[in-house]
C-alpha cells in the first residue's frame, strides 16, 4: 500500500489546479522512523483511504447527477493504456461526448496524445505520487461542465499496485495487462485484478514474438477474478478495439437507463 512505499505523505489533499489547467503536486517525503509501530502505520493508511473514499463518494454523486459514465483505466507503464484510449475516444466521439484526464509523474505527453482524438483532455502531474486520488480528479475536472460530457476516461498513473486501493468515483475499473508482461502478471498483482471490473489483454499482436500464451494469461485472470470479462486487443493494429467500444456503449446505456429522468 502507498503508505509503505512513501507516496502517502501528501502535504495537501486538495491541491488547486494552476491557471493553465495542470495539477502540480509538491510532494515531500519526511524522514520516516523505521521503528514506527505497525499499528501507527495501519492507522495512517486507514485515515488516508477513508478520506479518499469520502471524496470519491462525493465525486461519484457529482458524476451521477451530471449523467457522466466514468472509467478508471489502470495498468503498468507501457501496457498500452493511452493508445487504447485514443482509439476508443475517436471511435465514440461521433455519438458520445467524451473527455479524459490522465495522470503521470511528469510531462504532458499522454494528454497531448488523447487530445489528438478531438476530445478535451487534461494532464494531472503527480510529481512523485504513484497513483491518482479522488481530489486530483476533482481538481482536474473543475471548470468543465460535466453535463456536457457523456463519458469521462481516467487514465491512471502507470502502476499495478497503488491505484488499486484508491476509488476515483468511477463506474468501471479497467485493468490492462500486456502480452509483453508475461502470463503470470495477474497472479503477481492480485489486488488490482480482484478490484477490476473488466480485464483487457493488450498487445496481442506481440504474443507470438514474446512467446506469450494468451490462453494461459486469460486463465490466470479468471483464477483471480472468476467471471470477469476479458477482452483481447491490439490498439496499434486496431484488433479488438471494437469489442471494447461495444462494451462501453452497453455500459453507458445501462447506466443511462437506470438513472431517473
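In this note's numbering, the protein residues as written are 1 to 261.
Glycine included, C-beta positions come from ideal geometry on N, C-alpha and C.
In this text the structure is predicted, and so the values were computed from the model without any measurement.
Here's the rule: buried if 16 or more other CB atoms are within 10 angstroms of the residue's CB, otherwise exposed. What is residue i?
i, result
"residue 226", "exposed"
"residue 47", "exposed"
"residue 109", "exposed"
"residue 104", "buried"
"residue 151", "buried"
"residue 129", "buried"
"residue 160", "buried"
Give me the Cα-Cα distance between residue i and residue j, rounded to the nearest whole angstrom.
i, j, result
"residue 217", "residue 69", "29 angstroms"
"residue 67", "residue 88", "20 angstroms"
"residue 167", "residue 204", "29 angstroms"
Helix, strand or coil, according to DSSP, for residue i in the structure here?
i, result
"residue 53", "helix"
"residue 63", "helix"
"residue 195", "helix"
"residue 239", "strand"
"residue 131", "coil"
"residue 161", "coil"
Candidates the options: which alpha carbon is nearest residue i's?
i, options, result
"residue 107", "201, 91, 126 and 237", "126"
"residue 148", "136, 123, 95 and 174", "95"
"residue 157", "62, 57, 136 and 241", "136"
"residue 224", "122, 184 and 237", "184"
"residue 229", "174, 211, 187 and 214", "174"
"residue 243", "231, 237 and 251", "231"
"residue 62", "112, 139, 84 and 121", "139"
"residue 113", "72, 97 and 85", "85"
"residue 73", "163, 179 and 58", "163"
"residue 211", "161, 222 and 180", "180"
Based on the DSSP output, what are the partners of residue i in its beta bridges?
i, result
"residue 72", "154 and 173"
"residue 201", "177 and 232"
"residue 99", "152"
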